[in-house]
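Here is the structure we will look at, set down as structure tokens.
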């Protein structure tokens, strides 16, 4: 057909179009392709200055392999301050002085006080202020070791924790504690942990360790408290007579002592009687069936003439001949002779007549005859068999629900 022409003869298909697919050359030179790509890149509208500005910086070669890339660049970690909400009334907790917040925290119970310590650092510092932890009651608490260390380090003065479980203690703070009154009666605690506690006490005035296992070293630490007024070690064991006597010699201000029903021999009883302070007014020396003899009672009356309350119950070796010795106690108000079976009940009336200061007489197990009862009850100033349990040096009244310690309640108490 005359009108048909070859494609290479068309004007649009001239040889200037090197990149055409219709070119006669099947293969092109690689250098030409690279040149064509460069021409296309140069034909873009993106300025070269913006390319260098947007592209990331080239990493520099680290010559020292141990060196980090950012060692030469200062690194600062910062945090934006939290915006405080402005109060509509113009009042804020941050503007209140510490004294006012302490007064508010003073009215909170123990559980709420611990929760407020989680608010902020300032409130935590105020919540654990020494003035708020003056007296604490943690009766029956288990796993007591950490709490006890915290309380003693916070300056607690009155601590009541009977019937608690105290694990092995390792105090980090070796400074002495300032506790004044402490009740550890019937606690589940080892003698080693008890020694750790008492080794830091030097200001005790009232202490109860009833039914605990003691040691000679514990008695030595107790002797470092010369201001001790009341001591209850009833039912204790584990110590020898010599440290016991030295401990009693250091208590020149003691007024009440309960040392009943301990695992004593006759040497222990003699060490107690021979070293009792003359300031003693209330003594519970009951439970020594065959250890307390007549000569021991005579020495006791000689050393402690100002006795007001005396409990020598369950002393089987005491006879009626001890009555004249007891009559020498001119200030005696409460006498307990329960289960002293060799003292005749008929002689009890003479005690009430000759000791004019006597007001309470306990003789459980001795008075069975009605005539003797009537004779005793005729003495209207003397009450007979009114107290079955002695209260000498005991911190809490027996058979009551009052959670007090030496006639005062603790401010902070753990409620279950």
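In the numbering used here, the protein residues as written are 31 to 446.
All residues carry an ideal CB built from backbone N, CA and C; glycine is no exception.
Taking C-beta atoms as the reference points, residue 209 and residue 180 fail to come closer than 8 Å. Out of 352, 372 and 354, the CA that lies nearest to the CA of residue 346 is found in 372. When C-alpha distances from residue 193 are compared across 439, 433 and 340, the shortest belongs to 433.
The shortest C-alpha to C-alpha distance from residue 233 to any of 176, 310 and 258 is the one to 258.
With respect to the 8 Å criterion, residue 310 and residue 285 are classified as neighbours on the basis of their beta carbons. Nearest in C-alpha terms to residue 229, of all of 298, 255, 411 and 174, is 255. Shown here, residue 239 sits in coil according to DSSP, grouped into three states, outside any helix or strand.
For the options 314, 199 and 304, the alpha carbon positioned closest to that of residue 240 is the one of 314. Residue environment analysis places residue 283 among the exposed positions, since fewer than 16 neighbouring C-beta atoms fall within 10 angstroms of its C-beta. Residue 197 sits in coil when the DSSP states are folded into three classes, being neither helix nor strand. Judged by DSSP secondary structure, residue 190 falls within the beta strand (DSSP E) whose first and last residues are 188-190. DSSP places residue 366 within a strand segment (E or B) once states are collapsed to three. Beta-bridge analysis with DSSP links residue 339 to 312 and 364. Residues 316, 317, 318, 319, 368, 369 and 370 of the same chain have their beta carbon placed closer than 8 Å to that of residue 344, with the five preceding and five following residues left out of the count.
The C-alpha of residue 176 is placed about 15 Å away from the C-alpha of residue 217. Considered as a whole, the segment 238-305 harbours 260-262 and 286-288 as its complete beta strand (DSSP E) runs of no fewer than 3 residues, in chain order. For residue 390, the uninterrupted beta strand (DSSP E) segment begins and ends at 390-392. Cβ-Cβ separation between residue 281 and residue 244: approximately 16 Å, too far for a contact (criterion under 8 Å). The Cβ atoms of residue 341 and residue 420 lie closer than 8 Å to each other.
Cβ neighbours of residue 329 within its own chain (closer than 6 Å, five residues either side excluded): 303.
Here DSSP, grouped into helix, strand and coil, assigns residue 352 to helix. A check of alpha carbon separations from residue 147 across 141, 157 and 138 identifies 157 as the nearest.
Taking a C-beta distance under 8 Å as the contact criterion, residue 338 and residue 312 qualify as a contact pair.
DSSP links residue 434 through a beta bridge to 439. Apart from the 5 residues on each side of it in sequence, residue 159 sits with its Cβ closer than 7 Å to the Cβ of 132 in its chain, given in chain order. Ranked by how close their Cα comes to the Cα of residue 334, the residues 321, 123 and 358 have 358 in first place.
When DSSP states are grouped into helix, strand and coil, residue 372 belongs to the coil group. The Cβ atoms of residue 423 and residue 389 do not sit closer than 8 Å to each other. Measuring C-alpha to C-alpha distances from residue 324 to each of 225, 207, 142 and 354 identifies 354 as the nearest. Non-local beta-carbon contacts of residue 173 in its own chain, meaning distances under 8 Å to residues more than five positions away in sequence, involve 195 and 197 in chain order. Residue ranges of uninterrupted alpha helix (DSSP H) with 4 or more members, entirely inside the segment 146-188 and ordered along the chain, are 151-157 and 175-183.
Taking every protein chain shown into account, the CB of residue 360 has fewer than 16 other CB atoms within 10 angstroms, so this residue is exposed.
The Cβ atoms of residue 165 and residue 352 do not sit closer than 8 Å to each other.
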